[in-house]
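Structure record follows, encoded as structure tokens.
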Amino acid sequence: MYRPNFTITNKILNHIADISASREVILNAPLLPKWEVKLRKEAILKMTHHSTSIEGNRLTMEEVNRLLRGEDIAAWEKDKKEVLGYVKVLEYIDNLGEKCADNITEDIILEIHRLNTRGILTDSEAGHYRKVEVAVVNGLGKVTFQPPEASQVPALMHDFVAWLNSKEAKELYPVLMSGIAHYEFVRIHPFVDGNGRTARALATLILYLRGFDTKRFFALDDYYNEERSRYYAALQTVDQETINISQWLEYFMEGVAVSMGRVKQAILDLSVDLHLKEQRGQIYLNDRQMKILKYLQTNPRITISEIQKMFDKKISRDTANRDLKPLLENKLVKRIGKGRAIYYELV
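Taking my numbering, I'd label the letters of the sequence shown as residues 95 to 441.
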């Protein structure tokens with residue numbers, strides 16, 4: 095059976111600490127269902143855009159968003175099919191996560207690949223292990239990685255999946271297991287194309303099944319797409335003789351820590367103070383009202399004139415007062431002073 099070769103370094107431990115701290119905030123933050131839906135939609139958009147973009151998809155985030163809303167866009171058919179295929183993959187693995195499937199099977203991996211590449215690869219290639227030799231080349235056409243021979247793929251995948259379902263793997267920290275699976279899948283390169291998207295979907299599925307990303311707010315791919323060259327360089331740090339993946343795991347864990355930190359900050363921006371949890375869960379605030387509360391979290395007070403100027407487009411005094419009204423009625427903020435000296439602060 096496959097056994098990963100790695101060392102738990104201080105960097106990995108530090109990233110685990112950061113990830114765990116962010117996750118705690120994310121899982122316990124008081125959010126309206128409306129805001130939870132918004133964050134989930136944003137995560138789907140980011141995962142879809144970044145995971146396809148890493149491999150050269152030319153659609154922008156806005157074009158992906160329009161495509162997901164059902165709009166037709168002027169773009170290459172292959173790019174559109176990759177994006178729509180990845181959305182189907184995310185729906186599929188989300189359903190598996192909801193069902194709390196115990197094990198990851200080869201059939202699940204094959205289905206992820208089939209959904210990823212349907213209409214792009216032939217029927218004999220989509221959802222089927224490769225029967226030809228492949229090589230990973232850089233932009234200059236130079237071979238940077240030579241995956242195992244096609245004849246070895248079925249046995250390698252059998253051993254890999256056996257490890258995924260082993261007690262040893264399930265005792266690992268979920269993000270560590272996810273990073274190991276990501277690398278080993280890419281190393282085997284079991285398909286003629288679509289290996290990267292399938293690897294990242296598999297890594298996300300592991301987090302779902304291990305109960306790590308229960309709220310589905312987390313996009314695994316955004317950090318790796320921001321510096322694509324670093325992502326590929328990290329994959330290539332692994333010595334193919336020893337297959338020691340410690341450096342890769344340091345990079346992978348760093349990416350998760352940064353991405354989780356961003357989600358944590360977004361949630362803190364929406365959550366206001368924890369002591370307002372009960373009231374906050376029963377009222378709807380617009381974006382301007384959220385910005386006012388966020389400002390008051392780090393500033394002692396705010397005036398009407400300051401509220402008018404704090405947005406990209408200056409708002410009227412009447413609008414500022416209308417925004418304040420529900421905050422006052424729900425005892426989120428209080429009015430201090432009289433006349434021109436009035437200001438507002440958190441309750």
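For each residue, glycine too, the CB sits at the ideal point set by N, CA and C.
Since this is a predicted model, take the numbers as computed values, not measurements.
- The DSSP assignment places 247-258, 261-264, 268-282 as complete runs of the alpha helix (DSSP H) inside the stretch 227-293, in order along the chain (cut-off: 4 residues).
- Around the Cβ of G164, a 10 Å sphere holds fewer than 16 other Cβ atoms; the residue is exposed.
- In this structure, the beta-carbon distance from I398 to A123 does not fall below 8 Å.
- In the structure shown, K425 adopts coil according to DSSP, grouped into three states.
- Cβ-Cβ distances below 6 Å link A263 to W257, M271 in the same chain, with the five nearest sequence neighbours on each side left out; the list follows chain order.
- Comparing alpha-carbon positions, the option among V357, L418, K358, D412 lying closest to K385 turns out to be L418.
- Restricting attention to alpha helix (DSSP H) runs no shorter than 4 residues, the stretch 188-222 encloses them at 200-211, ordered along the chain.
- Secondary structure of Y437 (DSSP, three-state): strand.
- Between E157 and the set I148, I167, G150, the nearest pair of CA atoms involves I167.
- In chain order, E176, V177, Y180 place their CB closer than 6 Å to the CB of T146, counting only its own chain and leaving out the 5 sequence neighbours on each side.
- Around the CB of D315, 16 or more other CB atoms lie within 10 Å, so the residue is classed as buried.
- The secondary-structure analysis by DSSP pairs I396 across a beta bridge with Y438.
- Within the same chain, and ignoring the five residues on either side of D287 in sequence, the residues whose Cβ sits closer than 8 Å to its Cβ are T211, I214, L215, E219.
- For D363, the closest of M95, D112, L133, I106 by C-alpha to C-alpha distance is L133.
- By DSSP's assignment, I430 forms a beta bridge with Y437.
- Collapsing the DSSP output to three states places N151 in coil.
- By the 16-neighbour rule on beta-carbons within 10 angstroms, M155 is exposed.
- Per DSSP, K105 is one residue of the alpha helix (DSSP H) stretching across 104-122.
- The residue among D381, N189, R97, T298 with its C-alpha nearest the C-alpha of W129 is D381.
- With fewer than 16 other Cβ atoms inside 10 Å of its own Cβ, G305 counts as exposed.
- Annotated as distal: F346 and Y96, with beta-carbon spacing of 8 Å or more.
- Scanning V230, L421, V131, N197 for the CA closest to the CA of G290 turns up V230.
- Taking V352 as the centre and dropping the five residues before and after it, the same chain places the C-beta of Y317 closer than 6 Å to its C-beta, in chain order.
- Looking at the DSSP output, N338 bridges to N99.
- For P284, same chain residues with a beta-carbon under 7 Å away, outside a window of 5 residues either side, are Y223, R224, V247, M251 in chain order.
- Short of 8 Å from the beta carbon of N338, and not among the five residues preceding or following it, lie these beta carbons of its own chain, in chain order: N99, F100, T101, V332.
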